[in-house]
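First residue of the sequence shown? That's 0 in numbering that gives the first Met the number 0, and the numbers climb one at a time after it.
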Amino acid sequence: MHEPTISFSIHEDKEKQVKEILTTVYDALRQKGYNPINQIVGYILSEDPTYITTYNNARSLIRRIDRDELLQLLVKSYLDD
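Pasting the structure below:
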């Protein structure tokens with residue numbers, strides 16, 4: 000008996016992981032009273048981790064994402080319908 004082949008996409012998994020991290024970082028920044036969009040944009044432009052709070056491990060989480068990859072995913076997400 001043959002089992003059906005299960006396929007998966009590493010790309011889709013990576014996008015899901017990035018979204019989860021960004022959501023966690025966004026929530027941590029909001030909970031600490033920051034403007035999350037401004038702080039995340041500041042981090043992306045400068046790659047200075049001090050734009051991101053250490054609350055809920057947000058700073059450590061966002062540093063797991065490659066900045067170029069993050070920008071590509073954000074642009075793709077914005078332009079895809």
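Glycine is no exception: its CB is placed at the ideal position from the N, C-alpha and C atoms.
| Asked | Found |
| --- | --- |
| Spatial distance of Thr22 from Ile61 (CA atoms) | 10 Å |
| Residue from Tyr50, Ile43, Thr53, Asn34 whose Cα sits closest to the Cα of Leu72 | Ile43 |
| Assigned secondary structure, Asp12 (DSSP; H/G/I helix, E/B strand, else coil) | helix |
| Same chain only: Cβ atoms within 7 Å of Leu69, ignoring 5 sequence neighbours per side | Val17, Ile43 |
| Arg62 Cβ short of 6 Å to the ligand NAD heavy atom set | Ligands are entirely absent from the displayed structure, and the ligand NAD is therefore not among its contents. |
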